[in-house]
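So the mapping is simple: this note's numbering equals the position in the sequence shown, first residue as 1, plus 59.
The structure appears below as structure tokens.
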Amino acid sequence: MRVAIASGKGGTGKTTLAVNLAALLATEGWAVRLLDADVEEPDCHLFLTPSAERREPVGVLVPEVDEALCDSCGVCAEVCAFKAITVIGSTVLVFAELCHSCGACTLLCPHGAITEVGREVGLVEHGSVELPGRAAFELVTGVLAVGEAKPVPVTRATIAAADDEHADVVLVDAPPGTSCPVIEAVRGSDLVVLVTEPTPFGLHDLELAVGMVRALVLPCVVVVNRADLGDDRVHRFCEREGIEIVLEVPNDRRIAEAYSRGELLLDAVEGFEESLATAWLRISAIAKSEVAT
Numbered sequence: 060m061r062v063a064i065a066s067g068k069g070g071t072g073k074t075t076l077a078v079n080l081a082a083l084l085a086t087e088g089w090a091v092r093l094l095d096a097d098v099e100e101p102d103c104h105l106f107l108t109p110s111a112e113r114r115e116p117v118g119v120l121v122p123e124v125d126e127a128l129c130d131s132c133g134v135c136a137e138v139c140a141f142k143a144i145t146v147i148g149s150t151v152l153v154f155a156e157l158c159h160s161c162g163a164c165t166l167l168c169p170h171g172a173i174t175e176v177g178r179e180v181g182l183v184e185h186g187s188v189e190l191p192g193r194a195a196f197e198l199v200t201g202v203l204a205v206g207e208a209k210p211v212p213v214t215r216a217t218i219a220a221a222d223d224e225h226a227d228v229v230l231v232d233a234p235p236g237t238s239c240p241v242i243e244a245v246r247g248s249d250l251v252v253l254v255t256e257p258t259p260f261g262l263h264d265l266e267l268a269v270g271m272v273r274a275l276v277l278p279c280v281v282v283v284n285r286a287d288l289g290d291d292r293v294h295r296f297c298e299r300e301g302i303e304i305v306l307e308v309p310n311d312r313r314i315a316e317a318y319s320r321g322e323l324l325l326d327a328v329e330g331f332e333e334s335l336a337t338a339w340l341r342i343s344a345i346a347k348s349e350v351a352t
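Dropping the structure here:
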């Protein structure tokens, strides 16, 4: 079972939900793998302090021009939709950061002057998490290299770790928003949990996130964080759209204090573990029903 945890905006509590849910399920006896797919700013490790077991580099293919074969005809620049290669006089310039590795320039160069070479853009870290009084579980973290502009290759490599039969439950901590990295992170999930808050910004971005998951034909449920703030517009939206709210987390000072200390809410806030366990029963039931259909 693969469950993605996403949000239309940052700061709603997505990672907090992901790390606590992973710890809860591991304690309940599930074989859990948590994927931190927010590769531009991964932060699950701040709460879990995993032991690093191995690191796998992530690379993409970019063009390399053989000047001895190139006659500066400009075909490569004409076919590049991303302006990653250009010809100025007799010089061919490659902007590797703009390249999307489509291979068109290599394929269509009439002189065979272009080959593809590897370029490292990030890495995927595999580790295990052992928390006092709780069962261990796996954490896989995608890390985009500093200065890189395209996170999707690293996101894709991180999500590839979901395809392992050794895990009963794979939880994906997706990046915020509704752009390409988020789509890459949630695609293939059995259910998407959308975390929001009852504010105008929260509702606006929830509407965008719901539109995204429906475009991908994925089922979703909602978790409302800081539930006693704002008004009831998020609730009315979910009722109108037929989306179940599986958990409401109060605006509790104890939660903020535990979060600031990097602690799990399961251990710091009385009653939270029971509420999260009840929410998981609904999440897993809905996910299983979607798989069955």
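Idealized CB from N, CA, C, for every residue including glycine.
Under the three-state reduction of DSSP output, Glu266 falls in the helix class. Within the same chain, and ignoring the five residues on either side of Val211 in sequence, the residues whose Cβ sits closer than 7 Å to its Cβ are Cys239, Pro240 and Glu243. Ranked by Cα distance from Leu253, the options Pro259, Val228, Pro234 and Cys279 are led by Cys279.
Beta-bridge analysis with DSSP links Asn284 to Val308.
Glu184 places its beta carbon 8 Å or farther from that of Thr165.
In the DSSP assignment, Leu250 falls within the beta strand (DSSP E) that extends over Leu250 to Thr255. Beta-carbon to beta-carbon, Ile302 and Val269 are separated by about 7 Å, close enough to satisfy the 8 Å threshold. Judged by their CB atoms, Cys129 and Ala143 are not nearer to each other than the 8 Å cut-off.
When DSSP reads this structure, His185 sits in a beta bridge with Arg113 and Val199. Arg246 is a Cβ neighbour of Leu275, given a cutoff of 8 Å. In the DSSP assignment, Asp326 falls within the alpha helix (DSSP H) that extends over Leu324 to Ala327. With contacts defined as CB atoms closer than 8 Å, Pro259 and Asp287 fail to qualify as a contacting pair. Comparing alpha carbon positions, the residue from Asp95, Ala163, Gly133 and Trp89 closest to Leu120 is Ala163.
For the region 105-181, the full-length alpha helix (DSSP H) segments reaching 4 residues or more read 134-138 and 163-167 along the chain. Between the alpha carbons of Glu112 and Glu197 lies a gap of roughly 10 Å. Annotation: Leu265 to Glu123 spans about 43 Å, alpha carbon to alpha carbon. Ala63 is bridged by DSSP to Val231 and Val251.
Judged by beta-carbon spacing, Ala220 lies within the 8 Å limit of Leu94, meaning their Cβ atoms are closer than that value. In the DSSP assignment, Val293 falls outside any beta strand (DSSP E) and lies within the alpha helix (DSSP H) extending over Arg292 to Glu300. Distance from the Cα of Glu333 is smallest, within the candidate group Arg61, Ser66 and Ala82, for Ala82.
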